[in-house]
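Reviewing the structure listed below.
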Amino acid sequence: MNVDGRENVFPKDFAWGAATAAYQIEGGWDADGKSPSIWDTFCHGKGVVFQDQNGDVACNSYKLWQEDLRCIQQLGLTHYRLSLSWSRLLPDGTTRHINQKGVSYYNKVINDLLASNVTPMVTLYHFDLPQVLQDQGGWKWAGIADVFAGYAAFCFETFGDRVKLWVTLNEPYVCAKLGHEDGLFAPGLRDPGVSAYLAGHNMLRAHARAWHGYDALFRPRQKGLVSLALNSDWAEPRDPGSPQEVAATERYMAFTFGWFASPVFMTGDYPATMRSRIEARSLELGFPADRLPGFAEGEPRVLGTADFFALNYYTSRRVKAVSCPSGALSFKGDQEAEGVVDPSWPVSGVPWLAVVPDGLRKLLNYIKDTCHNPSIYITENGFAQMGPVDLEDSQRCGFYRDTLLEVSKAIHEDGVDVRGYFAWSLLDNFEWADGFSVRFGLFHVDRAHPELTRTIYHSGRNYAKIILRNACPSTTQS
Ligand code: BGC
48 MNVDGRENVF PKDFAWGAAT AAYQIEGGWD ADGKSPSIWD TFCHGKGVVF
98 QDQNGDVACN SYKLWQEDLR CIQQLGLTHY RLSLSWSRLL PDGTTRHINQ
148 KGVSYYNKVI NDLLASNVTP MVTLYHFDLP QVLQDQGGWK WAGIADVFAG
198 YAAFCFETFG DRVKLWVTLN EPYVCAKLGH EDGLFAPGLR DPGVSAYLAG
248 HNMLRAHARA WHGYDALFRP RQKGLVSLAL NSDWAEPRDP GSPQEVAATE
298 RYMAFTFGWF ASPVFMTGDY PATMRSRIEA RSLELGFPAD RLPGFAEGEP
348 RVLGTADFFA LNYYTSRRVK AVSCPSGALS FKGDQEAEGV VDPSWPVSGV
398 PWLAVVPDGL RKLLNYIKDT CHNPSIYITE NGFAQMGPVD LEDSQRCGFY
448 RDTLLEVSKA IHEDGVDVRG YFAWSLLDNF EWADGFSVRF GLFHVDRAHP
498 ELTRTIYHSG RNYAKIILRN ACPSTTQS
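48 is the number of the first residue of the sequence shown in this note's numbering; add one for each residue after it.
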C-alpha cells in the first residue's frame, strides 16, 4: 500500500505509541509513602550499575508528569505505555495497605492521557518487585502468584474503568534470566541453571491468575484486554546448511521465545526441547530435582491467558551450537546454543543491539504461524545512543524508518495482524545496569539541568510526522 509510490500507509486506528517504565523514569523512590523495590535495593549497592547510578531521581516523572505529557502531545501519540510501581501503590506488596498518594498520581496520569485523547496501555510489573516481597523469596516463592493476582485485581478495580489495555508482566525472560541466573539485574541472584526456571514459572503462574481474575470479574463490565510482554530476538543459523546450527537455532528460539510463548500461546507447557534438554543435562550432572517445574493439575490454566500478543523486539542473532562440557549447571549449558552478531549488521550505541529491521518482520510472521495468528502490539522497539548526545540522531531516524517499513510489509504483504507500535522510549531514562550512559529516548533529558529539561531529538520529530500521516516514507525524511 503505497501513497504516490512513496509512503507506506498503516491501517486505520493503528496505535502509535511510546513506552516507559516506572523505575526508569519516575524517581521519587521514597516519596509519599512508597516503599523500596528490588531495583532501589540493587542500585543502592555498590558496583552493580554503571558509575553506581540509580533511579532515585531518574527523569523525576513523579514530579514532572506534565512535562512528559507535553512530550506525548508533541509527538501526537495515540497511545502511551507506562508501568505502575507496585511498591508505590501497595507499600507492603499487598492490599492490606493502600497508598492513596500513589493511587492519586496514577489517576492523574491516566486522566490526563484520556483528556488528551491518548489511550493508556498499563504494565503492572516492569522489573520492580517490592523489596518486602523479595524478602519472602520474591519470584522463587510459590506464594508470589497469589500476591501478584491480588495486586493485579486491585489495579483493575482502581483504574480499569479507564484502562482497557493491560500488560501483566514485562519480559519475564529478562527478569528471570538476568535477575536470577546472571545476577546482572535485580535481585542480582547468580544461581545458574536453577533459579531462573523457577522464577519464570512463578511469573507464568502469577500472570495466569491475574488474567483469570480479569476475565471472570472485570472483563464483563470493563471490556479490556490483558496480555504479557514477551521479548525475543529473531534467530537464524550462522550457516543454514549446517544441521547442527539449524538445531541450535531451534533450541535458541525455544529457550527465549518459546519459554514463555509456548505455555501461554501454543501448548500450555514449555517447549519439548527445553524439557528434554534440561532433563538430560540434570541426569548427566547428577542433579536430583526437576529444574523445570511442571504445570500442576488444579492450578489455573496458563494456555490462552493472553488477549493479544505483546512483543518487545530489539535485535536478531545468528546462532552457533556450543557445548558446555564443564560440570556446572547453566542455562547456556542446557540451551547448547549461542547467538552472535552478524558482522555485516550495523550496531547501535550498545554492542548487543545490532540493527536488523527485517528480523522483526520475520519474527512477526513466526508469531503468526506458531501462535495461531494473534493480534499483535509491538510494545517495545528502539535504538540506543551512547557517548556524546546527538540531537540530530540520523542513525536512529533511519532505524525507525527501516523498522516501520518492515512492519508495514508484515501487515500488507504477509497479513500479520499488527495493531500498534510503541517506540522505546519516550525519554532518555535509567537504562538498568547501564545507568544513564545509554539513551533510548525520542526526547533527550538533560541531566545536568536542575529541571531535567526534555528536548526532542530529530527522530522524535520524524516519528511525529509518521504518526500524523499514519504512514512512513520509503526514503529518507528531512
Ligand atoms: C526493557 C526496557 C529496556 C529496554 C532497552 C527492554 O528489555 O523492557 O526496560 O530499557 O529493553 O534495553
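Where a beta carbon is used, it is the ideal one built from N, C-alpha and C, also for glycine.
In this text, all values refer to a predicted model and were calculated from it rather than measured experimentally.
Check                                                                                                            : Outcome
C-alpha distance - Y468 paired with L124, whole-angstrom precision                                               : 10 Å
Euclidean distance between Cα positions of A401 and V388                                                         : 7 Å
With 16 other Cβ atoms within 10 Å as the buried cut-off, status of A327                                         : exposed
Cβ-Cβ distance between L332 and G386 below 8 Å                                                                   : no
Test item: CB-CB of T296 and S279 under 8 Å                                                                      : no
Cβ-based neighbour list, A353, same chain, cut-off 6 Å, excluding 5 preceding and 5 following                    : S274, V311
Classification of S132 by the beta-carbon crowding that lies within 10 angstroms, buried from 16 upward          : buried
Cα-Cα separation, H173 to T215                                                                                   : 9 Å
Alpha carbon of V492 to alpha carbon of I119, nearest angstrom                                                   : 14 Å
For C444, the three-state DSSP class (helix, strand or coil)                                                     : helix
P290 - DSSP class collapsed to helix/strand/coil                                                                 : helix
Close-in-space but distant-in-sequence residues of the same chain around V221 (CB under 8 Å, 5 per side omitted) : F174, F232, N278
For A518 and F57, the rounded distance between their alpha carbons                                               : 6 Å
Cβ neighbours of V50 in the same chain (closer than 8 Å, five flanking residues each side left out)              : Confidence at V50 is low in this model, with a pLDDT of 47, below 50, so its placement is unreliable and no value can be given for it.
For G467, the three-state DSSP class (helix, strand or coil)                                                     : strand
Q71 beta carbon near the ligand BGC (any heavy atom closer than 7 Å)                                             : yes
A480: CB within 7 Å of a non-hydrogen atom of the ligand BGC                                                     : no
Opening and closing residue of the beta strand (DSSP E) in which R268 lies                                       : R268 -> not in any beta strand (DSSP E); alpha helix (DSSP H) instead, spanning 266–269.
S525 versus E114 - alpha carbon distance                                                                         : Only weak support exists for where S525 lies, its pLDDT of 43 falling under 50; the value from the coordinates is given anyway. When rounded, the distance between both Cα atoms is 26 Å.
A301 versus L515: straight-line alpha-carbon distance, rounded                                                   : 39 Å
Proximity to A62 [Cα-Cα], best of Y510, L160, R466                                                               : R466
Buried or exposed by the 16-neighbour rule on C-beta atoms within 10 Å, applied to K187                          : buried
CA-to-CA distance, P290 to R298, given in whole angstroms                                                        : 12 Å
CB of V210 within 8 Å of CB of I157, strictly                                                                    : yes
Check: H173 C-beta below 7 Å from any heavy atom of the ligand BGC                                               : yes
Which of helix, strand or coil DSSP assigns to V387                                                              : strand
Nearest-angstrom beta carbon gap, L407 and Y447 [assumed within contact, 8 Å]                                    : Actually they do not touch by this definition, with Cβ atoms about 12 Å apart.
Spatial neighbours of R252 in its chain, beta-carbon cut-off 6 Å, leaving aside the 5 residues before and after  : A192
Completely contained beta strand (DSSP E) runs for the segment 118–177, where each covers 3 or more residues     : 126–130, 166–172
Inter-residue Cα distance where the pair is A246 and V349                                                        : 15 Å
DSSP-derived helix/strand/coil call for E73                                                                      : coil
Spatial distance of P318 from E439 (CA atoms)                                                                    : 44 Å
Alpha-carbon to alpha-carbon, G64 and M48                                                                        : Note that M48 scores a pLDDT of 48, beneath 50, so its modelled location is shaky; the value from the coordinates is reported in the next line. Cα to Cα, M48 sits roughly 22 Å from G64.
Bridge partners - I423, DSSP secondary structure assignment                                                      : F356, V465
Sufficient close CB pairs (3 or more, under 8 Å) joining the segment 95–106 to the segment 64–84                 : yes
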